[in-house]
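Beneath this line is the structure, given in structure tokens, with notes to follow.
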């Protein structure tokens, strides 16, 4: 069993062509912005909130140690001079306590951040070891310094100086470890940003390939159907209605239009074939009618000549009674020939009437077919107009996408400016802003391609609409020609009916002449009166014959006009290839 292909209409295909790059663009932006926020949060947490605060506390503790030592020296100088040193003693104790408090705070921050086991690259001493030494050595140093301050000597014991330098060395080691940690973390985050940049380029390449593949298949399918429709419409506009190899097409609007064009071409091909056949039939009928009218005209002329002979004979009979017998014989012969010619004219008139009725029926059938063609072409023109409206709507959507891409590009430029102002901390954001700008440029380029496709589709639809309009004009002209043919057939039918009426009158006159001849033969006494009556009847027959000849000339003229119309119709049909 053949699998049914999944088919989308033209509107869905164009929506997919627009939505896929937009969705890819939005998704990549959300992902990389979120990733950037995470990296910035990690950098801020590890390098600022922890390292900066701990360094500040350690530096302040170091400063407090120096201030405590300085207060001790000033205290000893005042003691030697006999001055009051209580203020210096208070400053010494306060600075010593602050140094211990700041080191305790720094220890809490490092423990909370899990950084107590950090070591320097060329040293195995951890931060935790430094703080443990400070916790164990500092109280002893403080106690020893306070005890020395209570003595009268001004010299600081060497043990206290060594302990002081040891404590400061530990503080300096903590600062160096934290600086080295910050440098290492900065390198790690730089490597992560580099990896994320590679991932961003990979994602952009994947999106570009996806957009290119989707656009290629959609454009190829649409172009194939549009090219096929263009070939059909070009062939129709050139008068070529022969069958062309069909292509596989979907059930979307373009496929439906292609099917409608194929159906229209088939209908036009059958219609033109029918018109050509009927035109040939009408042409043959008109030729036969022309021949019949010529024969009838010749017969009428012969009748007129014979009637003139009869009239001359009757005049001679009135002048010479002795020639009445011979004149009666000639009159009888003339009447017989009149009867024969009248019978022939009656047969030709009957045949002409039948051919005229047949031609009129064929013309009426052609008129109905032309009306059907006009209706089909009007429906197809309406479908083409609807497709043109939808193409304009798609063009407006593409313009909106172009506007969105331009706005995104402006926002990316503003973000780059703000990142430049932020300096070193905004370098990562500058990279992300640049990627956003590139994605916006890609979306703008895709929107331009869509605009070009929509413009090409509108041009093809406009060309198809022009072909439909020209076909409608040709059909309208053919309809007018058929109306003229119908009117000509109506006039011909009326003329033939008049001829039939005149033939009936001639038949009656001929019978009357025959009766008169019998009366003349029966009694010569009434020959003069009979001759006068015969002369009158002959004059009536001559007048009727002249009218008949005039009618036959009208029939001949109408037959010539009908033949001209049929020739014009045949020439119009000959421009089509079926």
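Numbering (UniProt numbering), first residue to last: 1 to 578.
Heads up, the beta-carbon is just placed ideally off N, CA and C, and yes, glycines get one too.
Here the structure is a predicted model, which is why all the values come from computation and not from measurement.
C-alpha distance - residue i paired with residue j, whole-angstrom precision
i: residue 295; j: residue 555; result: 12 Å
i: residue 227; j: residue 216; result: 16 Å
i: residue 408; j: residue 445; result: 14 Å
i: residue 123; j: residue 106; result: 21 Å
i: residue 481; j: residue 316; result: 56 Å
i: residue 581; j: residue 137; result: Lying outside 1 to 578, the shown extent of the chain, residue 581 is not represented and no answer is given.
i: residue 76; j: residue 134; result: 26 Å
i: residue 162; j: residue 139; result: 14 Å
i: residue 280; j: residue 363; result: 12 Å
i: residue 431; j: residue 87; result: 57 Å
i: residue 108; j: residue 56; result: 14 Å
i: residue 221; j: residue 485; result: 48 Å
i: residue 263; j: residue 204; result: 46 Å
i: residue 401; j: residue 223; result: 23 Å
i: residue 458; j: residue 355; result: 51 Å
i: residue 455; j: residue 24; result: 25 Å
i: residue 237; j: residue 474; result: 11 Å
i: residue 298; j: residue 536; result: 24 Å
Close beta carbons around residue i, own chain, < 7 Å, minus the five adjacent residues each side
i: residue 62; result: 168, 171
i: residue 491; result: 558
i: residue 160; result: 141, 144, 145, 148
i: residue 118; result: 126, 127, 177, 181
i: residue 155; result: Here residue 155 scores only 48 on pLDDT, less than 50, and its place in the model is too uncertain to base an answer on.
i: residue 53; result: 109
Cβ neighbours of residue i in the same chain (closer than 6 Å, five flanking residues each side left out)
i: residue 65; result: 99
i: residue 626; result: Since the first residue of the chain shown is 1 and the last is 578, residue 626 is not available in this structure.
i: residue 130; result: 170, 173, 174
i: residue 247; result: 228
Outcome for residue i when other beta-carbon atoms lying within 10 angstroms are tallied against a minimum of 16
i: residue 380; result: buried
i: residue 95; result: buried
i: residue 277; result: exposed
i: residue 564; result: exposed
i: residue 196; result: buried
i: residue 361; result: exposed
i: residue 452; result: exposed
i: residue 111; result: exposed
i: residue 502; result: buried
i: residue 201; result: exposed
i: residue 371; result: exposed
i: residue 560; result: exposed
i: residue 50; result: buried
i: residue 210; result: exposed
i: residue 19; result: exposed
i: residue 375; result: exposed
i: residue 158; result: exposed
i: residue 183; result: exposed
Own chain residues within Cβ distance below 8 Å of residue i, not counting five before or after
i: residue 460; result: 226, 229, 230
i: residue 498; result: 551
i: residue 208; result: 442
Answer yes if the region 68-75 comes into contact with the region 179-192, meaning at least three C-beta pairs across the two stretches below 8 Å, and no otherwise. no
Taking contact to mean at least 3 C-beta pairs separated by less than 8 Å, is the region 416-424 in contact with the region 455-469? At 8 Å Cβ cutoff, the stretches do not touch.
Counting only runs that start and end within the region 154-206, where is the alpha helix (DSSP H) found for 4 or more residues in a row? none
Counting beta carbon pairs with one atom in the region 233-242 and one in the region 438-457, are three or more of them shorter than 8 Å? no
Ordered list of alpha helix (DSSP H) runs contained in the region 385-425, each at least 4 residues: none
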